[in-house]
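Step one of this worksheet: look at the structure below.
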Amino acid sequence: MNVIDLLLQVECYVGLRKAIGYTVRSEEKLLKDFVAFLIPGTTHGPIRAQTAVDWACTPSPGRGPAGQASRLKVVRGFLSHLRATLPETEVPGPGILAPIRRPTPYLYSASEIEALLNEASLLGPKDSLRPHTYCALIGLLASSGLRVGEALRLKVVDVRLDTAPPHLHIIESKFRKSRLVPLHSTAAEKMGAYSNQRKRLRYDGLSDAFFVSEKGGHLSYHACRETFTGLIRRAGIRKQASGGRPGIHALRHSFTVGRMVEWHRAGMPVKDLLPNLSVYLGHVQPAHTYWYLTATPELLSTAADSFLHYAGQGGSDE
Numbered sequence: 004m005n006v007i008d009l010l011l012q013v014e015c016y017v018g019l020r021k022a023i024g025y026t027v028r029s030e031e032k033l034l035k036d037f038v039a040f041l042i043p044g045t046t047h048g049p050i051r052a053q054t055a056v057d058w059a060c061t062p063s064p065g066r067g068p069a070g071q072a073s074r075l076k077v078v079r080g081f082l083s084h085l086r087a088t089l090p091e092t093e094v095p096g097p098g099i100l101a102p103i104r105r106p107t108p109y110l111y112s113a114s115e116i117e118a119l120l121n122e123a124s125l126l127g128p129k130d131s132l133r134p135h136t137y138c139a140l141i142g143l144l145a146s147s148g149l150r151v152g153e154a155l156r157l158k159v160v161d162v163r164l165d166t167a168p169p170h171l172h173i174i175e176s177k178f179r180k181s182r183l184v185p186l187h188s189t190a191a192e193k194m195g196a197y198s199n200q201r202k203r204l205r206y207d208g209l210s211d212a213f214f215v216s217e218k219g220g221h222l223s224y225h226a227c228r229e230t231f232t233g234l235i236r237r238a239g240i241r242k243q244a245s246g247g248r249p250g251i252h253a254l255r256h257s258f259t260v261g262r263m264v265e266w267h268r269a270g271m272p273v274k275d276l277l278p279n280l281s282v283y284l285g286h287v288q289p290a291h292t293y294w295y296l297t298a299t300p301e302l303l304s305t306a307a308d309s310f311l312h313y314a315g316q317g318g319s320d321e
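So, in structure tokens, the structure goes:
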């Protein structure tokens, strides 16, 4: 198979992936790079597994072991697809590259979130919407577990506070999935107060973005991350000895673990409720939620209490 045929196969593969809901822009770029990597003349024979590994591990200043494993995963999927029509195609087996362990997440305490909100309220410029924007954004992330990008992309029409229950309309997020996210009454109240501030300070006419920047458009991820990093520093929040590093994405993890703790304490069937949590978080399947449920002393303690209660009843499922 020559290079042109391989590029056509790449187009077919990414088209199939896109049709079933995956975001494939980065995959398509990587696979075209893989085809370009193939030594001219060798594409007339079957693609060897070692070639795929060599490509995945190509040295790059900005790429570490995690990037290599990610590249190999992408090319393995493509080669498995290609083998359906070219049985002689070799697919690298799993486990060739050492698995990358995701870093231990940071879990915010209620007092730390309060400190972050307090620091956000002190942001400048004076008499601007900016401190109100960051207070509302941090509060929403902490109370709903939204992805940062989902919150930043919200438009005014997506924030439905006058409905019963009040909710957010998250449009085509990860895997191009849309969903409705109900809000607790206290969160809806704070979002409503922020909306009123937008109008009072005359920001509502600048953009259809809900979280509006001082320039009038959607608040950018880069600006949000940099500002949040400064808030962490001023709030005196430090990296955990166990390796957890505080960051804006940790608000999502903290929400998820906190929800599990509350369910355990209330004696609710956590196993049965996990699919509901997955849907709420926007995961395709419950397995994707498990990473967020990192064992913490508080979660393990409540789980142990539930087990003792279960054992005390003689193992009854009722």
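Under this note's numbering, think of the first position of the sequence shown as 4, with each following residue one higher.
Beta carbons: idealized from backbone N, C-alpha and C, even for Gly.
N-terminal and C-terminal residue of the beta strand (DSSP E) that residue i is part of
i      : result
Arg182 : Arg182 to Pro185
His172 : His170 to Ile173
Option nearest residue i by Cα separation, candidates the options
i      : options                           : result
Gly96  : Val162, Pro278 and Gln53          : Gln53
Ser257 : Asp57, Arg156, Ala22 and Ala113   : Ala113
Tyr224 : Glu93, Val151 and Glu91           : Val151
Ser198 : Cys227, Gly233 and Val160         : Val160
Leu164 : Met194, Arg156, Gly142 and Thr136 : Met194
Thr107 : Gly67, Ser63 and His252           : His252
Leu157 : Leu143, Pro168, Ala167 and Thr166 : Leu143
Gly127 : Tyr283, Lys21 and Ser216          : Ser216
Lys202 : Glu265, Ser131 and Thr230         : Ser131
Lys21  : Glu175, Pro64 and Thr292          : Glu175
Glu32  : Ile23, Val17, Gly24 and Tyr25     : Here residue 32 is Lys; the residue named in the question, Glu, does not match the sequence. Nearest C-alpha to Lys32: Val17.
CB-CB length for residue i against residue j, believed under 8 Å
i      : j      : result
Val260 : Leu85  : The pair is not a contact, with the Cβ atoms about 41 Å apart (cut-off 8 Å).
Glu93  : Arg28  : The Cβ separation is near 27 Å, so there is no contact.
Val162 : Leu149 : Not a contact, Cβ separation roughly 12 Å.
Ala145 : Ile116 : 5 Å
Ala59  : Leu75  : 4 Å
Leu122 : Ala226 : For the record, residue 122 in the displayed sequence is Glu; it is not Leu. In fact, because the Cβ distance is near 16 Å, the residues do not count as touching under 8 Å.
Leu41  : Thr136 : Not really, about 49 Å apart at Cβ, beyond 8 Å.
Ala87  : Ser147 : Between Ser147 and Ala87 the Cβ distance is about 42 Å, and since that is not below 8 Å, they are no contact.
Residue span of the alpha helix (DSSP H) that contains residue i, given as start and end
i      : result
Met271 : From DSSP, Met271 is part of no alpha helix (DSSP H); its letter is neither H nor E.
Lys21  : Val6 to Ala22
Ala196 : Ser188 to Arg203
Gly142 : Arg133 to Ser147
His225 : Tyr224 to Arg237
Ser63  : First-last for Ser63: undefined, no H or E at that position.
Lys242 : Looking at the DSSP string, Lys242 is not in any alpha helix (DSSP H), and its letter there is neither H nor E.
Asp161 : Careful: Asp161 lies outside any alpha helix (DSSP H) and carries neither H nor E.
Ser114 : Ala113 to Ala123
Leu154 : Position check: residue 154 holds Ala in this sequence, whereas Leu was assumed. Its alpha helix (DSSP H) spans residues Val151 to Leu155.
Arg28  : Arg28 to Phe40
For residue j and residue i, the rounded distance between their alpha carbons
i      : j      : result
Leu120 : Phe213 : 19 Å
Ala3   : Leu140 : As displayed, the chain neither begins before 4 nor continues past 321, which places residue 3 out of reach and without an answer.
Gly48  : Ala154 : 49 Å
Asp207 : Leu276 : 39 Å
Val38  : Ala101 : 24 Å
Glu30  : Pro249 : 30 Å
Asn5   : Gly233 : 52 Å
Leu9   : Asp36  : 12 Å
Arg241 : Ile235 : 8 Å
Glu334 : Val56  : With the chain running from 4 to 321 in the structure shown, residue 334 is simply not present.
Arg182 : Ala167 : 16 Å
Ser63  : Gly80  : 22 Å
Val78  : Thr61  : 13 Å
Leu11  : Gly285 : 33 Å
Gly65  : Ala118 : 35 Å
Glu321 : Pro278 : In this predicted model, Glu321 has a pLDDT of only 42, less than 50, meaning its place in the structure is not dependable enough to derive any value.
Distance cut-off 8 Å: residue i Cβ against heavy atoms of the ligand MN
i     : result
Leu41 : Looking at this structure, you won't find the ligand MN or any other ligand, since it has none at all.
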